[in-house]
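Accompanying notes for the structure given below.
Protein chains: 2
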Amino acid sequence: MFKLENQDGQARAGILSTNHGEVQTPIFMPVGTRGTIKSLTMDDMEELGAQIILGNTYHLYLRPGHELIEGQGGLHQFSTWKKPILTDSGGFQVFSLSQMNKVSEEGVLFQSHIDGSRHMLSPEKSMEIQRSLGSDIVMAFDECPALPATKETLRKSMELTLRWAKRCRDFSLGEGQKLFGIIQGGLFDDLRSECLERLEEMDFPGYALGGLSVGEKNEQMVEFCSRFVPKMNENKPRYLMGVGKPLDVLNGIKAGLDMFDCVLPSRNARNGQAFTKYGPINIKNERFKEDKDPLDPDCSCRVCSRYSRSYIRHLYNVGEYTAGQFLTYHNLWFYLQLSKDARSAILENQFDDYYRTFYKNYTSQRYN
Amino acid sequence: MFKLENQDGQARAGILSTNHGEVQTPIFMPVGTRGTIKSLTMDDMEELGAQIILGNTYHLYLRPGHELIEGQGGLHQFSTWKKPILTDSGGFQVFSLSQMNKVSEEGVLFQSHIDGSRHMLSPEKSMEIQRSLGSDIVMAFDECPALPATKETLRKSMELTLRWAKRCRDFSLGEGQKLFGIIQGGLFDDLRSECLERLEEMDFPGYALGGLSVGEKNEQMVEFCSRFVPKMNENKPRYLMGVGKPLDVLNGIKAGLDMFDCVLPSRNARNGQAFTKYGPINIKNERFKEDKDPLDPDCSCRVCSRYSRSYIRHLYNVGEYTAGQFLTYHNLWFYLQLSKDARSAILENQFDDYYRTFYKNYTSQRYN
Numbered sequence: 185m186f187k188l189e190n191q192d193g194q195a196r197a198g199i200l201s202t203n204h205g206e207v208q209t210p211i212f213m214p215v216g217t218r219g220t221i222k223s224l225t226m227d228d229m230e231e232l233g234a235q236i237i238l239g240n241t242y243h244l245y246l247r248p249g250h251e252l253i254e255g256q257g258g259l260h261q262f263s264t265w266k267k268p269i270l271t272d273s274g275g276f277q278v279f280s281l282s283q284m285n286k287v288s289e290e291g292v293l294f295q296s297h298i299d300g301s302r303h304m305l306s307p308e309k310s311m312e313i314q315r316s317l318g319s320d321i322v323m324a325f326d327e328c329p330a331l332p333a334t335k336e337t338l339r340k341s342m343e344l345t346l347r348w349a350k351r352c353r354d355f356s357l358g359e360g361q362k363l364f365g366i367i368q369g370g371l372f373d374d375l376r377s378e379c380l381e382r383l384e385e386m387d388f389p390g391y392a393l394g395g396l397s398v399g400e401k402n403e404q405m406v407e408f409c410s411r412f413v414p415k416m417n418e419n420k421p422r423y424l425m426g427v428g429k430p431l432d433v434l435n436g437i438k439a440g441l442d443m444f445d446c447v448l449p450s451r452n453a454r455n456g457q458a459f460t461k462y463g464p465i466n467i468k469n470e471r472f473k474e475d476k477d478p479l480d481p482d483c484s485c486r487v488c489s490r491y492s493r494s495y496i497r498h499l500y501n502v503g504e505y506t507a508g509q510f511l512t513y514h515n516l517w518f519y520l521q522l523s524k525d526a527r528s529a530i531l532e533n534q535f536d537d538y539y540r541t542f543y544k545n546y547t548s549q550r551y552n
Numbered sequence: 185m186f187k188l189e190n191q192d193g194q195a196r197a198g199i200l201s202t203n204h205g206e207v208q209t210p211i212f213m214p215v216g217t218r219g220t221i222k223s224l225t226m227d228d229m230e231e232l233g234a235q236i237i238l239g240n241t242y243h244l245y246l247r248p249g250h251e252l253i254e255g256q257g258g259l260h261q262f263s264t265w266k267k268p269i270l271t272d273s274g275g276f277q278v279f280s281l282s283q284m285n286k287v288s289e290e291g292v293l294f295q296s297h298i299d300g301s302r303h304m305l306s307p308e309k310s311m312e313i314q315r316s317l318g319s320d321i322v323m324a325f326d327e328c329p330a331l332p333a334t335k336e337t338l339r340k341s342m343e344l345t346l347r348w349a350k351r352c353r354d355f356s357l358g359e360g361q362k363l364f365g366i367i368q369g370g371l372f373d374d375l376r377s378e379c380l381e382r383l384e385e386m387d388f389p390g391y392a393l394g395g396l397s398v399g400e401k402n403e404q405m406v407e408f409c410s411r412f413v414p415k416m417n418e419n420k421p422r423y424l425m426g427v428g429k430p431l432d433v434l435n436g437i438k439a440g441l442d443m444f445d446c447v448l449p450s451r452n453a454r455n456g457q458a459f460t461k462y463g464p465i466n467i468k469n470e471r472f473k474e475d476k477d478p479l480d481p482d483c484s485c486r487v488c489s490r491y492s493r494s495y496i497r498h499l500y501n502v503g504e505y506t507a508g509q510f511l512t513y514h515n516l517w518f519y520l521q522l523s524k525d526a527r528s529a530i531l532e533n534q535f536d537d538y539y540r541t542f543y544k545n546y547t548s549q550r551y552n
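For the record, the sequence lines run as chains S and G.
So for the first sequence, our numbering puts the first residue at 185; every next one is plus one.
So for the second sequence, our numbering puts the first residue at 185; every next one is plus one.
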């Protein structure tokens, strides 16, 4: 399912083939938690040139329910998104969102954060839901412990994750659905390597790094990825789950990772943050009150081609939701442009230059 | 500024010329209270084919302030809306929204609903603000008493409105800005006629009916318009302020009115209501849970061309703002289509047929 096109240093450019078409990597995948990217429409996502989006198993299972979505023809038809979809397993959410959760060999018993109702999410249940949703890439159900954690805790958790991975592997998914294995093991290279080896024995079509950006220092994550990623099978896609800031994505690409997702560009948008070539700005800042420039003068997105910081700041300050739309749209464009530009640089063996220039500009904070 | 193209019964089709181009009437004008149509962008408004939108003097005066907008080149440049804009006088809002208001000959002393700060809005101040905003059509500052009210109260109020109208008329607006006079007088034909005559002596380029849909019965308003509107100068545009439901607009057109505005299509959208050929529906309704049809199967708007009731209902129920965007977009399309179709019918002397068919379908409530 993955064709490696070029490698420049550790950075890679490739093509991912799915039931709903190809994805050019490296790629950032916008998060469509509950069947839409927050503040935007699927028309917007097409216009933005998004190639693949995420759906959340936990959220869609609770509302509107995976049976309803299956009855509507699956998540693609329900949401009208025609390109690839990746769904997570629900594992991360039952640990981070639910009112209560209790882990057993079978799975996780949890209480809904919406109405307190009790549910069991197991490897089989997660696969069943993701089969109903009809996503192109299905994630294995794993346990995701918060860092820092002792090596013993991490080993125990990793062993459980491996047993669960096997159960996911044995489940019969829909035609063409691809199941990714998730590598756990915290920041311990030996645990991670063992986890990777044992997952590879099960022969997944792709592998993800889970349990990062969950409490450790940013440098630790960057160093770990730089060391560990080259050990991963070079002919399979490598996905860094839930990460992160623009520089995290840039560093992930440098380490040789292919796929990224994060709520940050959309969530921070709703808090007034816009990403620019010269670092993030917050539109609430008084300095933008009469600023006729676009959010990012170096950006060519629909929002930056038309609206001023002054106007968007006003809309944000009076609570008009249109401001959230503008900021989300621009931020996703920024992330998609980052993956696109990185890919071009890799294909031209210019990734080091691209990296250095991006880094230098981004950390200059010219607008702050 | 107004060219009457055809009259069919009392219904009229015409062309309104402004600083920012022509408007084909009858026309519904979407309300952009604080510099944007709630939930939508100016790109959306262009796509919808809106010809003229409203801005609110009261809201824009308080935030971000008319001086700021003037410094940004006026409301057109600030909001990026290139077609005509009509601004209200702020009169209605100081009575309906402010914490406190005290009417004197000079104007209205009021307290901001945002921070309790005290401000005086007078005819001159309203004109000054609207001049700063640079709107194409400026509304005179009037007193708008709630109905029912005694004839004595209404006469007193009308006299004040006339003295204020004179002061607005004497104020020096920007080049090409057109000031509309507002006819008050409740449901008393003699008061309304007197008000109209005395305003016509001041020779405004257009006239509005104010103080309707503010407490009286719907039939009273319809009957009043049907009786009164033919008395208005046929060579000047006639604007029914703040009205109303689709059938109110239809009846207004039948009575010979040319311009309409109302927050209803956008406000009700945010409460889950969608207008359809066969009457309004509420997307929250259980019956739409698995409904694959669009909001209105007879509609060709961007939303109805793509998204199902089931999907929009899900988004609405989980609180995704995208639902509000979809419903607002569709509802404004519905209102704009209504004015467009009515105009075509009038130009073809088929308005009676159009009216009867629309009315029959709309009141059938087929989807409820």
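Just so it is clear, CB atoms sit at the ideal spot from N, CA and C, and this is done for glycine as well.
Requested in this report: Assuming S/F444 and S/G436 form a contact by the criterion Cβ under 8 Å, report the distance between their Cβ atoms to the nearest whole angstrom.
Outcome: 6 Å
Query raised in the report: Any chance the segment 390–397 of chain G sits against the segment 415–432 of chain G, with 3 or more Cβ pairs inside 8 Å?
Result: yes
Query - Pairwise C-alpha distance: S/E403 and G/S215 - result: In the sequence on display, residue 215 of chain G carries Val and not Ser. Those two C-alpha atoms are separated by around 50 Å.
Query raised in the report: So, G/L357 versus G/M311, is the Cβ gap smaller than 8 Å?
Result: yes
Query raised in the report: Quick one, are the C-beta atoms of S/K267 and S/Q235 less than 8 Å apart?
Result: yes
Query raised in the report: Expressed to the nearest angstrom, what Euclidean distance is found between the alpha-carbon atoms of S/V398 and S/S280?
Result: 11 Å
Query raised in the report: Taking 8 Å as the CB-CB cut-off, is S/H204 touching chain G?
Result: no
Requested in this report: From the DSSP output, in three-state form, read off G/L331 for me.
Outcome: coil
Requested in this report: Between the Cα of G/F294 and those of G/D227, G/L246, G/L499, spot the shortest distance and give me the residue it belongs to.
Outcome: G/L246
Query raised in the report: Is there contact between the segment 491–509 of chain S and the segment 251–270 of chain G, where contact requires at least three CB pairs shorter than 8 Å?
Result: yes
Report task. Measure from the alpha carbon of S/L448 to the alpha carbon of each residue in S/N515, S/N533, S/R339, then state which is nearest. Result -> S/N515
Query raised in the report: Which residue's Cα is closest to the Cα of S/G369: S/G360, S/L344, S/P389?
Result: S/L344
Requested in this report: Give a yes or no on contact between the segment 344–354 of chain S and the segment 363–383 of chain S, applying the rule of three or more CB pairs nearer than 8 Å.
Outcome: yes
Requested in this report: Would you identify the three-state DSSP class for S/V398, choosing helix, strand or coil?
Outcome: coil
Query raised in the report: Roughly how many angstroms lie between the CA atoms of G/L243 and G/L305, to the nearest whole one?
Result: Correcting the residue identity first, residue 243 of chain G is His in this sequence and not Leu. Cα to Cα, G/H243 sits roughly 12 Å from G/L305.
Query - Between the CA atoms of S/L383 and S/Q191 - distance to the nearest angstrom - result: 24 Å
Query - Where the beta strand (DSSP E) containing S/L522 begins and where it ends - result: Here S/L522 belongs to no beta strand (DSSP E); instead the alpha helix (DSSP H) covers 506–531.
Query raised in the report: Applying the criterion that 16 or more other CB atoms from any shown protein chain within 10 Å of the CB defines a buried residue, is G/A526 buried or exposed?
Result: buried
Requested in this report: Under 6 Å Cβ to Cβ from S/S492, same chain only, skipping five residues before and after it: list those, please.
Outcome: K476
Report task. Measure the alpha-carbon distance for G/I211 versus S/N240 and round it to whole angstroms. Result -> 44 Å
Query raised in the report: For the candidate residues G/L511, G/R540, G/I313, G/S301, whose alpha-carbon lies nearest to that of G/I221?
Result: G/L511
Query raised in the report: Which of the three DSSP states, helix, strand or coil, is assigned to G/G205?
Result: strand
Query raised in the report: With which residues is S/R575 paired in a DSSP beta bridge?
Result: In the structure as shown, chain S begins at 185 and stops at 552. Residue 575 of chain S is therefore absent and cannot be evaluated.
Query raised in the report: Any C-beta of chain S sitting closer than 8 Å to the C-beta of G/Y491?
Result: yes
**Report entry** Residue from S/G258, S/Q314, S/H260, S/K309 with nearest C-alpha to S/T271
**Finding:** S/Q314
Query raised in the report: Run through DSSP, which three-state label would S/K267 get?
Result: coil
Query raised in the report: Assuming G/L259 contacts G/G205 under a Cβ cut-off of 8 Å, what Cβ separation, rounded to an integer in Å, is found between them?
Result: Wrong, their Cβ atoms sit about 15 Å apart, outside the cutoff.
Query raised in the report: Does DSSP put S/T460 in a helix, a strand or coil?
Result: strand
Requested in this report: Return the residue from the list G/Q283, G/F276, G/P307, G/Q261 that minimises the CA-CA distance to G/E290.
Outcome: G/P307
Requested in this report: Answer yes or no: do G/V413 and G/Q261 have a C-beta to C-beta separation smaller than 8 Å?
Outcome: no
Requested in this report: Please name the residue, chosen from S/R454, S/E407, S/I237, S/A507, that lies closest to S/P478 on a Cα-to-Cα basis.
Outcome: S/A507
Requested in this report: In the DSSP assignment, find the beta strand (DSSP E) that holds S/N190 and state where it starts and stops.
Outcome: 186–192
Query raised in the report: For G/R486, which residues in chain S fall below 8 Å Cβ to Cβ?
Result: D227
Query raised in the report: Which stretch, first to last residue, makes up the beta strand (DSSP E) that contains S/D445?
Result: 443–445
Query raised in the report: Can you list, in chain order, the residues of the segment 503–527 of chain G whose Cβ is nearer than 8 Å to any Cβ on chain S?
Result: E504, Y505, T506, G508, Q509, F510
Query raised in the report: Of all Cβ atoms in chain S, is any one closer than 8 Å to the Cβ of G/P214?
Result: no
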